Every structure is written in C-alpha cells, then in structure tokens.
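Numbering-wise (my numbering), the sequence shown opens with residue 92 and increments by one.
Ideal Cβ positions, reconstructed from N, Cα and C, are used throughout, including at glycine.
Treat the numbers as computed from the prediction; the structure is a model and nothing was measured.
Step one of this worksheet: look at the structure below.
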Amino acid sequence: MAHYRRVQTEAQFRKCDSCGETLFVNELDKAFSVCKICGHHFQLCAWRRIEISLDPNSFQEINGNLESLDPLEFKGKRSYLERIKEAQRKTGLKEAVVCGIGTIGGGKVVLAVMDFQFIGGSMGSVVGEKITRAIEHSTANALPVIIFCCSGGARMDEGILSLMQMAKTSAALYYHDQAGLLCITVLTHPTLAGVSASYAFLGDIIIAEPKAMIGFTGARVIEQTIKKKLPEGFQESEFQLRHGQIDMVVERKNMHEMLHKLLDFAAGGGAARSPVAAGERAAAVAKSKPKVKKRSKKI
Ligand SMILES: [Zn+2]
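This is how it looks when you write it as structure tokens:
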C-alpha cells in the first residue's frame, strides 16, 4: 500500500529543479512545463514541443521511420544497439529528433525538434540525416525551417560518422540560405558541442529559452585548458545575449507568437524572401550546385 501511495504522489507532483518548489504535474503541463515560482523551464519532450509550437493538429511527420544501425559495432558497458532499444522504449521515439511539416499562424514551416531524453539528444547518423532531409525538403519547397536544439553533442558510439553530421547539416543549410530562405534556430537547455558547433548557430535568427546552457564544452574543461577563471553564468542564454552570440531570449509561453511574428516579418520583407522569388532562387541554386557524388541514402 505504501508503495502504491508513493507512486501516486510521484505522478501528481514534481519538484522544481531550480527553486525546489513542489508543483502539480497537471498545472505544470498547462504552464508549458515552466515553474510558476521561479520561471525555470523544464525540458520538454519532442511531441509536447511540437504541440505548443505549431498551430493545433497541423503537424505531419516526415522520415519518421529512420532508425540507427550500429556501423562500428560499438560496445561500452552495453552494446550501442541495446542503448538505442532502451531509449526507444523509454521515449516512444525512434530517434533523438522528430521532423515534419506544420503551420504557424497559417504559414507553412518545416520543423525539427530534438529530444534530450533519447540518449542526451545526441547527434548520430540518423539525427544528422533527418535534420539534413528536413532542411533539403524546405529548400526544395521554398519553406522556412525552424530547428529546436537540445543536445549534449555528437553521439560518440558512432565515432567519426557522428562528427560528419556537422558538415552535412551545415552544407544543407548553406544551400537553404543561398535560396534566400529563412532558418530560425531555438536553443533550449542544453545545446552543446557538435550541435552548437553546427546548425544551432547557423540560423538567420538564433533564439534561446531563458537560462538554457549553451556552449561547446563544459566550464571545467575550458578552465583547465585556458587556465583562467570564467565569469559566472557565461554559458547561459542571458549572458550570450548580452555578448551578441544570440539574437533574443524568449520565454516558452511567448514562443509560438514570436515565431509567428518573425515568419510574417520575413515573408513580407521584400522580394528576396517572397515564396515565388525564393522558389526561383532555389531552382537557380539547384542548377548551380557543384558536381559532387550523390549522397548514398543508406544510413
Ligand atoms: Zn522553480
């Protein structure tokens, strides 16, 4: 009985990681998982993020069936494939990013949303491939792309293959940019390492959630390397905004409205950003692509 009661309590309440306040899970969910006392932004799962960011029922997933293989047959304490299977069971996701098409204020966008609960939101071949395909889809259809980042970095179980995703996603964003299309990245807690060093910081507009940890590597490693004391909170959104690294810090409850405003602004911002002109540019860029070997579709 005692055990039963404890489980019930855990399901109804959650302690704030920042101020320690006990919060009703129901209320917390209604408040977009933001603490009503201190404003702490809890991590969100990908599907909840999609739900609160897009117009209701507008999301259609693309490439949802891609799953990781184990190209290096990597074995740590457990095999890589076991870790994948466990993450899939825990999250109900196939991989650490969900991509698709939806609308914001009626305007079509391509969306990629990372989920930290899936092996720390790490970027392996499938995450890189899904994000690349999402960007390529938006380039081909002259659409803006929004990427919600949340990652500890590259997935080292895939070694160099995970690091290669940095170049692949960056190249896809280059063509998207050349087509005159808008990319917005939203950095949520945490956005680190290989993800911050690639697409997270390649947005035309870079937004962050309050107090998100953003950086390449942890403070201790940097201090040991440069042998200097680092300023308080130097990896938080607010510090990065003051120092010009990002464009704005937006609270979660205002995110949908802000994205709507930015998309409207970009769409009305002259011929260069209009869908027709962007479509023509996309076609011109596609023609001018350097002759490179076509990428294998195999993961
Ligand atoms: Zn709190």
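Answer yes or no: do residue i and residue j have a C-beta to C-beta separation smaller than 7 Å?
i, j, result
"A178", "C190", "no"
"Q134", "V116", "no"
"R174", "S213", "no"
"F165", "R343", "no"
"H132", "P301", "yes"
"C241", "T182", "no"
"S289", "M257", "yes"
"V200", "F239", "no"
"N154", "R224", "yes"
"E158", "K185", "yes"
"G219", "K259", "yes"
"A303", "L321", "no"
"L172", "G250", "no"
"V340", "L332", "yes"
"I226", "L264", "yes"
Taking the alpha-carbon of residue i as reference, which of the options has the nearest alpha-carbon?
i, options, result
"C129", "R180, C107, R246", "C107"
"I237", "S170, Y171, L353", "L353"
"D338", "N345, F292, F307", "F292"
"S253", "Q269, C274, E227, I222", "I222"
"W138", "K259, A310, S170, A187", "A187"
"I195", "G211, L184, I143, L160", "I143"
"C274", "A233, T308, R333", "A233"
"D295", "R311, S261, D120", "S261"
"V217", "D161, T230, A231", "D161"
"T230", "Q269, E220, E249, I251", "Q269"
"E327", "F307, T316, F207", "F307"
"V312", "I297, F330, A284, E329", "A284"
"G335", "P147, G111, D120, I297", "I297"
"N148", "G193, H267, F356", "G193"
"C110", "K121, F330, N345, C126", "C126"
"I141", "I317, M346, D355, P235", "M346"
"F207", "H267, G243, P235", "G243"
"I210", "R180, Y265, G198", "R180"
"I305", "A357, V286, Q151", "V286"
"H228", "G198, G197, D248, H267", "H267"
"D146", "G359, A357, E348", "E348"
"A299", "F330, C136, G359", "F330"
"A358", "I317, P235, M205, E152", "P235"
"S170", "E112, D248, E118, L119", "D248"
"F356", "G198, K121, F150, E118", "G198"
Have a look at the DSSP bridge pairing and note the partners of residue i.
i, result
"E152", "G191"
"M339", "I298"
"I305", "T282"
"K166", "S170"
"L202", "G191, I237"
"E327", "M304"
"M214", "A245"
With hydrogens ignored, establish whether the beta-carbon of residue i is closer than 6 Å to any heavy atom of ligand 3.
i, result
"P281", "For ligand 3, the structure offers nothing, since it holds only ligand 1."
Any C-beta of chain C sitting closer than 7 Å to the C-beta of residue i?
i, result
"S289", "In the displayed structure, chain C is absent; only one protein chain is listed."
Within 6 Å of ligand 1: residues by beta-carbon to any heavy atom: C107, S109, C110, E112, C126, I128, C129, H131
Whole runs of the beta strand (DSSP E) within the stretch 230-289, excluding any shorter than 3 residues: Correct list: 236-242, 274-282.
Length-filtered (3 minimum) beta strand (DSSP E) runs lying within the stretch 97-131: 104-106, 113-115
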